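**Q** Basically the numbering used here = 1-based index in the sequence shown + 12.
Note that the Cβ used here is the ideal one computed from N, Cα and C, for glycine as well.
Treat the numbers as computed from the prediction; the structure is a model and nothing was measured.
The structure's right below; bear with me while I get my questions together.
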Amino acid sequence: MEVLLDTNDKENTEEISIYQMGLVLQRLFCVQPKRKIFAGKMAHYQLKWITNSNAAADFNYETFESALPPGFIITKKSLQCIEVLYETEFSINKNKVNKVIIFNDNKFSVILKGQEVHLQKLRISKTYTCSKNEIYNVCMAVKAIPICEGFEFEKKKLKFKANYTVEYLQNGNNTKRVIRSQCCKSVLPFTFIKQPTCKSCTRQRLSYIEPPIQKSEEEKIRELMSSATDAMITLIMSQVSDCKLSNTNQNRWERTIVNECMNWYIRSPLSYIQMRQSGLLLLPSPSMLILYKNSFSHSPGLSRDIFAGWTKKPIE
């Protein structure tokens with residue numbers, strides 16, 4: 013589509029200049045006009061018509077308010093602009109996050125967290141017409157703009173850069189602690205719907221500082237002593253765990269260790285005491301063995317099970 017203006021017509025040029033004609037074209041069309049002058053005529057081409065037949069010449073506040081979708085409230089009315097507020101589901105540090113739309117003369121802007129949103133980076137045109145459908149579409153487009161939720165601060169040890177802030181982001185009933193970059197624009201492109209974090213906040217995390225996986229003491233002993241028996245490994249593990257304690261009264265001896273030490277002490281008390289005093293092995297004291305022995309109830313005399321086999325042999 014082209015619009016021609018004859019620059020040689022003096023009568024028309026006196027009434028309206030080329031500059032004023034350019035301003036009229038900018039209001040009528042969505043893009044900036046590109047002009048060519050040939051044969052004394054100026055041609056405006058590559059223009060997109062944006063006027064709508066439903067547009068009203070005298071658009072008042074009542075019709076403007078009726079064109080707003082649910083959730084949008086007019087907060088300011090003046091001859092220069094109209095401010096519309098939309099309250100989102102997010103709150104940062106118990107402060108609600110609101111989107112403010114400022115409607116000017118055929119243009120609008122969006123304010124989020126006190127900063128103007130770059131609509132051109134989001135592929136949203138700043139121009140609009142004073143029609144109900146156009147205002148409704150503008151509000152729904154602003155409502156659909158994703159908000160950056162920051163990088164969640166997990167319980168793991170993380171390493172971050174210096175230029176970040178810690179915030180508490182609440183979305184409904186869910187509250188989480190997030191890390192937000194100081195370069196964060198608070199909005200996301202429409203392609204980041206599955207990942208609610210911008211690139212600036214994602215780059216704040218350098219790496220996880222995770223300790224290496226600790227192997228159990230039994231696995232370490234089995235790697236060093238592949239031919240060791242289970243009893244030997246149990247003895248070595250008890251020595252490792254008991255030597256870590258500063259007070260010997262805190263030792264908790266395993267049942268197998270107590271049984272073997274008690275049998276050893278009953279057979280040869282002197283050898284057991286000498287081995288314990290030598291310091292080669294950390295063994296329970298004789299008084300501890302007697303305490304373990306007395307903790308079980310004993311019936312005096314001989315057990316009847318001993319003579320059970322004797323009574324059966326003559327019968328056979």
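Tell me residue 235's beta-bridge partners as DSSP assigns them.
**A** Your numbering for residue 235 matches position 223 in the sequence shown. In DSSP, residue 235 forms no bridge with anything.
**Q** Candidates 194, 201, 97 and 153: which alpha carbon is nearest residue 212's?
**A** Residue numbering aside, residue 212 sits at position 200 when the sequence shown is read from its first letter. Comparing Cα positions, the closest option is 194.
**Q** Report the partner residues of residue 159 according to the DSSP bridge assignment.
**A** As a working mapping, residue 159 is identified with position 147 in the sequence shown. In DSSP, residue 159 forms a bridge with 199.
**Q** How do the region 125-135 and the region 73-89 stand: do at least 3 beta-carbon pairs fall below 8 Å, yes or no?
**A** The answer is no - the region 73-89 does not touch the region 125-135, with fewer than three Cβ pairs under 8 Å.
**Q** Got a sec? Which residues, its chain only, sit under 6 Å from residue 117 by beta carbon, not counting five neighbours each side?
**A** Within the sequence shown, the letter at position 105 stands for residue 117. Cβ neighbours of residue 117 beyond the five flanking positions: none.
**Q** How many whole angstroms separate the CB atoms of residue 164 and residue 188, which I take to be in contact at a CB cut-off of 8 Å?
**A** Mapped onto the sequence shown, residue 164 falls at position 152. Mapped onto the sequence shown, residue 188 falls at position 176. The Cβ separation is near 5 Å, so the contact holds.
**Q** In the DSSP output, what is residue 182 paired with across the bridge?
**A** The count along the sequence shown starts at 1 and reaches residue 182 at position 170. Bridge partners of residue 182: 103 and 187.
**Q** Suppose the cutoff is 7 Å on Cβ atoms and the five residues either side in sequence are ignored; what does the same chain contact list for residue 162 look like?
**A** Counting from 1 along the sequence shown, the entry for residue 162 is found at position 150. Answer for residue 162: 179, 181, 190, 191, 192, 209 and 213, listed in chain order.
**Q** What number of angstroms, rounded off, separates the C-alpha of residue 240 from the C-alpha of residue 186?
**A** Here residue 240 is taken as the residue at index 228 of the sequence shown, counted from 1. Here residue 186 is taken as the residue at index 174 of the sequence shown, counted from 1. Roughly 53 Å separates the two Cα atoms.
**Q** Note down the Cα distance separating residue 233 from residue 253, rounded to an integer number of angstroms.
**A** Here residue 233 corresponds to residue number 221 of the sequence shown, with the count starting at 1. Here residue 253 corresponds to residue number 241 of the sequence shown, with the count starting at 1. A direct Cα-Cα distance of roughly 13 Å separates residue 233 from residue 253.
**Q** Please name the residue, chosen from 87, 148 and 250, that lies closest to residue 229 on a Cα-to-Cα basis.
**A** Here residue 229 corresponds to residue number 217 of the sequence shown, with the count starting at 1. Nearest C-alpha to residue 229: 250.
**Q** From residue 111 to residue 184, what distance separates their C-alpha atoms?
**A** As a working mapping, residue 111 is identified with position 99 in the sequence shown. As a working mapping, residue 184 is identified with position 172 in the sequence shown. Distance between the alpha carbons of residue 111 and residue 184 is about 17 Å.
**Q** So, for residue 305: in the same chain, excluding its five sequence neighbours on each side, which residues have a beta-carbon less than 6 Å away from its beta-carbon?
**A** The count along the sequence shown starts at 1 and reaches residue 305 at position 293. Nothing meets the Cβ criterion.
**Q** Looking only at its own chain, which residues have a Cβ that is under 7 Å from the Cβ of residue 3, when we skip the five neighbours before and after it?
**A** Because residue 3 is not part of the residues shown, which for the chain are 13 to 328, the question remains open.
**Q** How should residue 308 be labelled, buried or exposed, when 16 other C-beta atoms within 10 angstroms of its C-beta is the threshold for buried?
**A** Here residue 308 corresponds to residue number 296 of the sequence shown, with the count starting at 1. With fewer than 16 other Cβ atoms within 10 Å, it is exposed.
**Q** Around the C-beta of residue 295, are 16 or more other C-beta atoms found within 10 angstroms, so that it is buried, or is it exposed?
**A** As a first step, residue 295 must be located in the sequence shown, where it is residue number 283. Result: buried.
**Q** Look up residue 61 in the DSSP assignment and say whether it is helix, strand or coil.
**A** Here residue 61 is taken as the residue at index 49 of the sequence shown, counted from 1. Because residue 61 carries a pLDDT of 46, less than 50, the predicted location of this residue cannot be relied on, and the following value inherits that uncertainty. Here residue 61 sits in strand by DSSP.
**Q** When burial is assigned at 16 or more other CB atoms within 10 Å of the CB, is residue 5 buried or exposed?
**A** Coverage of the chain is limited to positions 13 through 328, which leaves residue 5 absent and any answer about it impossible.
**Q** Find the nearest neighbour of residue 97 within the set 85, 196, 123 and 89, judged by alpha-carbon distance.
**A** The residue you call residue 97 lines up with position 85 of the sequence shown. Put simply, of 85, 196, 123 and 89 the residue whose alpha carbon is nearest the alpha carbon of residue 97 is 85.
**Q** According to DSSP, simplified to helix, strand and coil, what is residue 267?
**A** Residue numbering aside, residue 267 sits at position 255 when the sequence shown is read from its first letter. Helix, per DSSP.
**Q** Would you mind stating whether residue 113 and residue 154 have Cβ atoms separated by less than 8 Å?
**A** Within the sequence shown, the letter at position 101 stands for residue 113. Within the sequence shown, the letter at position 142 stands for residue 154. Yes. Within cutoff.
**Q** Please say whether residue 247 and residue 269 have beta carbons closer to each other than 8 Å?
**A** One-based indexing of the sequence shown puts residue 269 at position 257. One-based indexing of the sequence shown puts residue 247 at position 235. Yes.
**Q** At what residues does the beta strand (DSSP E) containing residue 129 begin and finish?
**A** Position 117 of the sequence shown, counted from the first residue, corresponds to residue 129. Element bounds for residue 129: n/a, residue is neither H nor E.
**Q** From which residue to which residue does the beta strand (DSSP E) around residue 85 run?
**A** For the purposes of this step, residue 85 is taken as residue 73 along the sequence shown, with counting starting at 1. Counting along the chain, the unbroken beta strand (DSSP E) around residue 85 starts and ends at 84-89.
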